[in-house]
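Everything below concerns the one structure shown next.
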Ligand code: TRP
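Numbering (the working numbering), first residue to last: 3 to 450.
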């Protein structure tokens, strides 16, 4: 079968970064940082992103490009023993289920972004009530906005990887970066911002050993880098053979952690600025507020404080957030869709239609039982399923995949790789260090 391919390494980096950079960076990371003591969380997140997530990302990219297949077939095909093949397929299925569950809550949050994007427009044209409805939490509003977002995702996935994914990724990243930096520059001039900066950048080391903080930081790092469901494996399968994989992987890691860091630099100071403007940012128990609504409370307050231009800035911000969400959600939907197309001979259109409808049904179930399901699904998928599946992928890369096949794969894009630091460290890393560390973190999370 003819597989799509990215036209250049550069567009691949953009597409993979487009998948990685999304709500996880700008909604998830700052919220998690605020809830877990700020700087201590930031530090732990950075350590885990480079120490664990980067090597795990490399495992997915290398296996994907070598096998040029979805995760079910990929893990099956690198194994030779029947039992390993079976475990490989099971891991692939688990990845697909996880990707679908992630998309089911992701689409809800992305729907909120669409609502916040439309609100300033509605208010500008005098539809105040509509504007209020778009931004106020409500079951009907949640479901309607989610359905719009799923429709958008399905339409792009239906167009296929080259047209669909590349086009949307190309302009997003530079625009997002520029807007974030401009907003940070603005927020830092406002009263209260330095308190936020201190909270975000001066760590309280005693908090860093808190098991909750470590598990959250681990989940955040794996979520933000789109690991453990087969997304990056699939993207790797579309990359050209001459691309230098370790470099590509580091660029994606740097872009992803960089944007998350900047988002924190915006949101945490913005919380303290908002406090000066009358928003309560401490809960009854004296800790900073968090929760899924955090940035929807804090950022609009900041935009309003800008006066007339605030309306435009807010609109631009939520447009970019919606695009960032789309370039991520398509990478989630691609996981089950490519499996259905490649293993069950379904047409791309049919697969997209059925799978996005099924995932939307899950979203509706979450919307109808929001308090019971929303946080639970997030925790189950990002804190447990993603790290566990990543651990299995590392084990496959370290113990099942032939070392020589890996080396030959990497040599295509980098003939001298054998003498590089990467090749000295990474094989040992995926074989022992990553699985052991993930195992320990999950274990201590279960115990405490
Ligand atoms: N990483 C994306 C974000 O930060 C979300 C995402 C896309 C994702 N594909 C994924 C998360 C696969 C986990 C697995 O918003």
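Here a beta-carbon is modelled for each residue, glycine too, at the ideal position from N, C-alpha and C.
What you are looking at is a predicted structure, and each value in this text was computed from that prediction instead of being measured.
In or out: residue i buried (at least 16 other Cβ within 10 Å) or exposed?
i, result
"residue 222", "buried"
"residue 406", "exposed"
"residue 5", "exposed"
"residue 258", "buried"
"residue 3", "Because the pLDDT at residue 3 is just 41, under 50, the model does not fix this residue reliably, and the value given afterwards should be weighed accordingly. So residue 3 ends up on the exposed side."
"residue 408", "buried"
"residue 392", "buried"
"residue 442", "exposed"
"residue 417", "exposed"
"residue 311", "exposed"
"residue 277", "buried"
"residue 142", "exposed"
"residue 385", "buried"
"residue 289", "exposed"
"residue 430", "exposed"
"residue 346", "exposed"
"residue 198", "buried"
"residue 439", "buried"
"residue 44", "buried"
"residue 155", "buried"
"residue 327", "buried"
"residue 285", "exposed"
"residue 136", "buried"
"residue 450", "exposed"
"residue 245", "buried"
"residue 180", "exposed"
"residue 19", "buried"
Comparing alpha-carbon positions, which option in the options lies nearest residue i?
i, options, result
"residue 436", "193, 405 and 390", "390"
"residue 351", "122, 59, 107 and 159", "159"
"residue 144", "227, 107, 175 and 122", "107"
"residue 313", "82, 83, 16 and 127", "127"
"residue 192", "43, 273 and 349", "273"
"residue 24", "448, 392, 139 and 175", "175"
"residue 203", "42, 71 and 342", "42"
"residue 2", "206, 388, 189 and 378", "Since the first and last residues shown for the chain are 3 and 450, residue 2 lies out of range."
"residue 36", "296, 311 and 72", "296"
"residue 224", "450, 446, 416 and 58", "58"
"residue 133", "120, 140 and 250", "120"
"residue 388", "249, 209 and 230", "230"
"residue 447", "85, 326, 157 and 214", "214"
"residue 243", "414, 29 and 433", "414"
"residue 399", "433, 421 and 26", "433"
"residue 373", "308, 149 and 294", "294"
"residue 419", "382, 248 and 341", "248"
"residue 228", "450, 445, 22 and 449", "22"
"residue 56", "220, 449, 371 and 95", "220"
"residue 261", "302, 211 and 322", "322"
"residue 444", "383, 426 and 180", "383"
Report yes if the C-beta distance between residue i and residue j is below 8 Å; otherwise report no.
i, j, result
"residue 364", "residue 335", "no"
"residue 113", "residue 147", "yes"
"residue 320", "residue 123", "no"
"residue 98", "residue 362", "no"
"residue 52", "residue 255", "yes"
"residue 2", "residue 118", "An answer regarding residue 2 cannot be provided, because it is not within the stretch 3 to 450 covered by the chain."
"residue 68", "residue 306", "no"
"residue 235", "residue 344", "no"
"residue 452", "residue 279", "No answer is possible for residue 452: the residues shown for the chain start at 3 and end at 450."
"residue 116", "residue 252", "no"
"residue 178", "residue 32", "no"
"residue 110", "residue 332", "no"
"residue 103", "residue 90", "no"
"residue 232", "residue 34", "no"
"residue 451", "residue 17", "With the chain covering only 3 through 450, there is no way to say anything about residue 451."
"residue 300", "residue 11", "no"
"residue 216", "residue 348", "no"
"residue 8", "residue 168", "yes"
"residue 70", "residue 239", "yes"
Thinking residue i and residue j are a contact (beta carbons under 8 Å), I'd like their distance in whole angstroms, please.
i, j, result
"residue 93", "residue 394", "5 Å"
"residue 354", "residue 339", "6 Å"
"residue 65", "residue 80", "7 Å"
"residue 14", "residue 183", "Residue 14 to residue 183, Cβ: 25 Å. No contact."
"residue 38", "residue 218", "6 Å"
"residue 366", "residue 101", "Incorrect: roughly 18 Å between the Cβ atoms, too far for contact."
"residue 201", "residue 40", "4 Å"
"residue 428", "residue 60", "6 Å"
"residue 74", "residue 341", "6 Å"
Cβ of residue i within 7 Å of any heavy atom in ligand 3?
i, result
"residue 22", "Of the ligands this structure carries, namely ligand 1, none is ligand 3."
Is there a Cβ of chain D sitting closer than 8 Å to that of residue i, yes or no?
i, result
"residue 15", "Here there is only one protein chain, and chain D is not present."
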